[in-house]
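Chemist: Below: one structure in structure tokens.
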Amino acid sequence: MVKQALRAILSDDLPRSRWLAVVLVAILVGLAVAPFLFPGAKSLNVAAKICVFIVLAASFDLLLGYTGIVSFAHTMFFGIGAYGVAIALTRMGASWAAVAVGVVAGLAVAIVLAAVIGLFSLRVRTIFFAMITLAVASAFAILASQLSDLTGGEDGLNYRLPAELRAPFSFGDTLFGVRLNGRLLDYYLVYLASVVLVLALLRIVNSPFGSVLMAIRENPFRAEAIGYRTVVYRTIASCIAAAAAALAGVLLALWSSQTNPDTTLSFDIMVDILLMVVIGGMGTMYGAVLGAVLLVFAQNYLQDLLAIAHKALAGVPLLANFFHPDRWLLWLGVAFILCVYFFPSGIVGRLRNRR
Amino acid sequence: MKRDWLPLLLIPVLGLAALPLVGSAASWVTLTVAGLAMGLMIFIMASGLTLTFGLMDVLNFGHGAFIAVGAFVAASVMLALAPWMTADSLWLNLAAIGPAVLAAVVVSGLLGLAFERVLVRPVYGQHLKQILVTTGGLIVAEQLLKVIWGPEQITLSRPTALRGAFLLGDIAIEKYRVLAVVVGLVVFAGLALTLNRTRIGLLIRAGVENGEMVEALGYRIRRLFVGVFAVGSALAGLGGAMWGLYQETVTAAIGAQVAVLVFIVIIIGGLGSVGGCFIGALLVGLTANYIGFLAPKVALGSNILLMALILLWRPQGLYPVAKR
Chain C
0 MVKQALRAIL SDDLPRSRWL AVVLVAILVG LAVAPFLFPG AKSLNVAAKI CVFIVLAASF
60 DLLLGYTGIV SFAHTMFFGI GAYGVAIALT RMGASWAAVA VGVVAGLAVA IVLAAVIGLF
120 SLRVRTIFFA MITLAVASAF AILASQLSDL TGGEDGLNYR LPAELRAPFS FGDTLFGVRL
180 NGRLLDYYLV YLASVVLVLA LLRIVNSPFG SVLMAIRENP FRAEAIGYRT VVYRTIASCI
240 AAAAAALAGV LLALWSSQTN PDTTLSFDIM VDILLMVVIG GMGTMYGAVL GAVLLVFAQN
300 YLQDLLAIAH KALAGVPLLA NFFHPDRWLL WLGVAFILCV YFFPSGIVGR LRNRR
Chain G
0 MKRDWLPLLL IPVLGLAALP LVGSAASWVT LTVAGLAMGL MIFIMASGLT LTFGLMDVLN
60 FGHGAFIAVG AFVAASVMLA LAPWMTADSL WLNLAAIGPA VLAAVVVSGL LGLAFERVLV
120 RPVYGQHLKQ ILVTTGGLIV AEQLLKVIWG PEQITLSRPT ALRGAFLLGD IAIEKYRVLA
180 VVVGLVVFAG LALTLNRTRI GLLIRAGVEN GEMVEALGYR IRRLFVGVFA VGSALAGLGG
240 AMWGLYQETV TAAIGAQVAV LVFIVIIIGG LGSVGGCFIG ALLVGLTANY IGFLAPKVAL
300 GSNILLMALI LLWRPQGLYP VAKR
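Line order of the protein sequences matches chains C and G.
Here the first sequence stands for residues 0 to 354, where the numbers follow numbering that gives the first Met the number 0.
Here the second sequence stands for residues 0 to 323, where the numbers follow numbering that gives the first Met the number 0.
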């Protein structure tokens with residue numbers, strides 16, 4: 000019974016490795032009890048960020064890992080979702096109606112834009128898509144910082160969340176010494192939404208539609224010959240990925256009550272997502288989950304480690320610079336390249352192979 | 000073979016269409032020279048990328064790294080030769096710029112060789128991995144630049160002789176832009192002559208059209224490709240050095256920023272075509288300057304619009320390279 004239910008929930012795509020299953024359960028449970036286990040604003044913030052980036056990386060994996068197309072515009076859709084909610088909350092005041100309007104508008108813009116870019120550029124060659132998305136995304140980031148009346152420019156938007164999600168709101172006393180306030184509610188909203196979205200993406204990649212995407216990844220010419228219109232499938236895949244990324248953006252906007260270009264649209268975030276998916280394992284939703292957890296941790300805690308090394312090497316002139324806390328991306332970049340060469344299926348692939 | 004002149008007409012058409020919109024002839028000349036200068040600098044950086052793609056089907060997303068390295072190396076040399084830069088003599092100024100540019104070209108070229116050997120060679124024929132690995136290379140290179148030169152931006156001022164503008168009546172033309180146009184045209188002429196009048200050029204063009212055939216005839220296309228890659232990287236370094244002087248600041252992000260323009264240009268031109276790349280670069284440069292003057296808010300969007308319009312007209316770019 001339990002096993003069947005589990006299979007149904009995971010869309011028959013089990014971890015297929017004991018260690019992977021252990022790690023995944025640890026992540027699921029760890030994030031669920033994080034507010035009680037590690038109280039404090041910073042750790043709760045890290046936990047919520049992990050949830051958001053798990054969704055974002057999983058949606059990117061749908062494109063990169065399952066369909067075999069590289070998009071550099073994934074943060075653009077992330078930003079569209081975040082800005083949709085942010086603008087609606089700024090303009091209409093802190094209400095749930097504003098959130099709904101923002102979500103619907105953000106989703107619509109993201110899907111239409113993804114369809115237009117896809118039909119424009121996926122017709123010719125996938126390498127076109129990579130370049131065109133790069134160009135469109137950088138134009139969009141500049142546009143967002145130029146239209147300061149709407150988006151708040153470089154500073155972004157600061158807005159009030161609906162009352163139920165703010166710290167003063169309380170729905171009881173304390174539980175295990177943690178105050179039951181709006182922030183906690185907000186965290187669980189983000190957490191549950193991420194779980195649902197990841198399971199939905201898992202469902203999509205394990206559906207017949209997902210099999211067609213993988214067929215296109217392996218051999219587009221043959222998929223076309225069997226009778227599947229590759230352009231249509233690739234475009235639909237990029238629309239779904241865009242919608243999921245926009246929803247991840249919505250979650251970020253609902254969590255942080257501020258939205259600015261640096262946290263949603265910058266090329267740095269794009270690089271982060273790329274690292275998450277490749278290091279975690281392309282073509283496995285679980286890889287995206289692992290990669291997101293690893294990278295957000297590295298971002299927040301690898302710097303501390305590097306700071307120690309930096310101090311130890313303070314006397315050596317050039318070498319110390321390599322271990323400057325701000326150079327953490329250097330090390331992850333090297334790990335990324337090594338992953339592409341030696342472990343194309345990432346951490347998940349390694350875990351599954353050792354059994 | 001019948002020549003396809005239609006895309007070439009786009010440049011004068013664009014220029015003439017902008018004339019009534021800009022209004023005054025003096026500003027139009029200034030903008031046009033600025034646009035040509037910008038376009039030619041982008042062409043210098045883009046030409047190598049489009050050739051390596053045409054020849055080996057390798058698209059290097061890390062091309063921006065060579066641009067940034069060129070800019071940084073040139074900036075360091077020029078800062079070291081600061082007294083010559085500020086001297087009030089054209090010859091001393093050139094004596095500072097010459098070594099700086101030479102160093103930029105040599106270092107970028109060597110880096111290109113290493114990049115090809117370490118990163119690109121293992122992933123021939125695998126597009127997805129190429130994109131990923133070369134993007135990874137760009138990330139690492141950008142961080143290494145920060146390790147070596149520090150994270151702050153470097154401010155660079157142009158040498159005395161290249162500051163200011165020539166005044167012809169009420170038309171002002173910045174001196175540095177004239178230099179950029181001259182250098183750009185020399186590079187284009189050099190490339191065109193090499194490609195069309197030498198044996199190596201013949202082989203490269205043949206390789207772009209049909210690499211297997213060239214191999215079958217007994218030429219080592221791999222060696223040719225490594226050479227083209229190194230020259231392309233060196234040109235990117237040259238372009239980066241010029242771009243750094245043009246912007247008068249150098250940051251580690253310069254590579255990724257300019258790479259976006261470079262990509263737009265080679266898409267417009269048709270991947271693999273040097274002639275298309277030349278026209279595309281000039282179109283992008285001119286559009287950026289005209290629109291920047293007429294409606295500054297939408298300046299960067301204008302490049303995307305230009306690209307979209309051209310792809311609607313010719314989905315494979317201006318001069319599609321027929322293969323694959």
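Just so it is clear, CB atoms sit at the ideal spot from N, CA and C, and this is done for glycine as well.
Can you find a C-beta in chain C that's less than 9 angstroms from the C-beta of G:Val132?
Modeler: Interface residue, yes.
Chemist: Does chain C have any CB closer than 9 angstroms to the CB of G:Ala255?
Modeler: At least one chain C Cβ lies under 9 angstroms of G:Ala255.
Chemist: Does the CB of C:Tyr232 have a neighbour CB from chain G at under 9 angstroms?
Modeler: Answer no: the Cβ-Cβ gap between C:Tyr232 and chain G never drops below 9 angstroms.
Chemist: Any beta carbon from chain G within less than 9 angstroms of C:Ala131's own beta carbon?
Modeler: For clarity, residue 131 of chain C is Ile in the given sequence; the question names Ala instead. Yes, contact with chain G.
Chemist: By the three-class DSSP mapping on this structure, what secondary structure does G:Thr133 have?
Modeler: Helix, per DSSP.
Chemist: Which same chain residues, not among the five before or five after G:Met0, have their C-beta less than 8 angstroms away from its C-beta?
Modeler: Model confidence at G:Met0 stands at a pLDDT of 45, short of 50, so the residue's coordinates are unreliable; what they give is reported in the following sentence. Taken in chain order, the list of residues that qualify is empty.
Chemist: By how many angstroms is the C-alpha of C:Leu274 removed from the C-alpha of G:Val132?
Modeler: Approximately 11 angstroms, taken between the alpha carbons.
Chemist: In its own chain, which residues sit with a C-beta less than 6 angstroms from the C-beta of G:Leu305, not counting the 5 before and 5 after it?
Modeler: Within the same chain, G:Leu305 has close Cβ partners Thr286.
Chemist: Comparing C-alpha positions only, which one of C:Phe139, C:Gly83 and C:Leu191 sits nearest to C:Val387?
Modeler: This structure gives no information on residue 387 of chain C, because the portion of chain C shown stretches from 0 to 354.
Chemist: Please list, in chain order, all residues of the same chain as C:Leu9 whose beta carbon is under 8 angstroms from its beta carbon, the five residues on each side excluded.
Modeler: These residues qualify, in order along the chain: Leu198 and Leu201.
Chemist: For the beta strand (DSSP E) holding G:Ile170, just list the boundary residues, first then last.
Modeler: First-last of the beta strand (DSSP E) with G:Ile170: Ile170 to Glu173.
Chemist: Give a yes or no on whether 9 angstroms exceeds the smallest Cβ distance from G:Ala113 to chain C.
Modeler: Cβ-Cβ to chain C under 9 angstroms: no for G:Ala113.
Chemist: Could you confirm whether any beta carbon from chain B is found closer than 9 angstroms to the beta carbon of C:Tyr82?
Modeler: Structure shown: chain B not included; protein chains present are C and G.
Chemist: Would DSSP call C:Leu121 helix, strand or coil?
Modeler: It is coil, neither helix nor strand.
Chemist: Since C:Gln145 meets chain G, which of its residues come closer than 7 angstroms, beta carbon to beta carbon?
Modeler: Neighbours of C:Gln145 on chain G, chain order: Lys296.
Chemist: Return the first residue and the last residue of the beta strand (DSSP E) that C:Leu200 is part of.
Modeler: First-last for C:Leu200: Gly181 to Val204, but that is the alpha helix (DSSP H), not the beta strand (DSSP E).
Chemist: Who pairs with C:Thr361 in a beta bridge, going by DSSP?
Modeler: Shown here, chain C extends from 0 to 354; a query on residue 361 of chain C therefore has no answer.
Chemist: Could you tell me whether any Cβ in chain G is nearer than 9 angstroms to the Cβ of C:Val135?
Modeler: Answer yes: the Cβ-Cβ gap between C:Val135 and chain G drops below 9 angstroms somewhere.
Chemist: Can you have a look at C:Gly83 and say buried or exposed, based on whether 16 or more other CB atoms are within 10 angstroms of its CB?
Modeler: Under this definition C:Gly83 is a buried residue.
Chemist: Could you say which of G:Thr250, G:Ile303, G:Gly163 and G:Val283 lies nearest to G:Val177 if we only look at CA atoms?
Modeler: When only C-alpha atoms are compared, the closest one is G:Gly163.
Chemist: For a test of the three-state rule: what should DSSP assign to C:Leu146, helix, strand or coil?
Modeler: The answer is coil: DSSP assigns C:Leu146 none of H, G, I, E or B.
Chemist: Do G:Leu137 and G:Ala255 have their C-beta atoms closer together than 9 angstroms?
Modeler: In this structure, G:Ala255 lies closer than 9 angstroms to G:Leu137 by Cβ.
Chemist: Along the region 110-125 of chain C, what residues have a CB closer than 9 angstroms to any CB found in chain G?
Modeler: So the list reads Phe119, Ser120, Arg122, Val123, Arg124 and Thr125, given in the order they occur along the chain.
Chemist: How far does the alpha helix (DSSP H) with G:Thr286 in it extend, from its first residue to its last?
Modeler: From DSSP, the alpha helix (DSSP H) with G:Thr286 extends over Val273 to Leu293.
Chemist: Which chain C residues are close to G:Val100, counting only those with a beta carbon under 9 angstroms from its beta carbon?
Modeler: What G:Val100 touches in chain C: nothing, since even the nearest Cβ is about 26 angstroms away.
Chemist: Buried or exposed, going by whether 16 or more other CB atoms sit within 10 Å of the CB of G:Arg389?
Modeler: Since the first residue of chain G shown is 0 and the last is 323, residue 389 of chain G is not available in this structure.
Chemist: Taking C-beta to C-beta, are C:Ala20 and C:Leu13 nearer than 9 angstroms?
Modeler: Closer than 9 angstroms, so yes.
Chemist: Measure the CB-CB distance between G:Gly40 and G:Gly268 and report whether it falls below 9 angstroms.
Modeler: Note on residue identity: the sequence assigns Met, not Gly, to residue 40 of chain G. Their beta carbons are not under 9 angstroms apart, which means G:Met40 does not touch G:Gly268 by this criterion.
Chemist: Take G:Ile266 and list the residues in its own chain whose beta-carbon comes closer than 7 angstroms to its own, dropping the five residues that flank it on each side.
Modeler: Cβ within range, chain order: Met306 and Gly316.
Chemist: Along the chain, where does the alpha helix (DSSP H) containing G:Ala94 start, and where does it finish?
Modeler: Start and end: Leu89 to Phe114.
Chemist: Relative to the C-alpha of G:Gly61, which residue among G:Ala102, G:Glu141, G:Leu127 and G:Phe71 is closest?
Modeler: Closest by alpha carbon: G:Glu141.
Chemist: So which residues of chain G does C:Gly332 contact, with C-beta pairs closer than 7 angstroms?
Modeler: Correct list: Gly135, Ile138, Val139 and Gln142.
Chemist: Determine whether the beta carbon atoms of G:Ala74 and G:Ala235 lie at a separation below 9 angstroms.
Modeler: For G:Ala74 and G:Ala235, no; Cβs fall outside 9 angstroms.
Chemist: Once DSSP output is grouped into helix, strand and coil, what is the label at G:Thr154?
Modeler: Note: G:Thr154 maps to strand in three-state DSSP.
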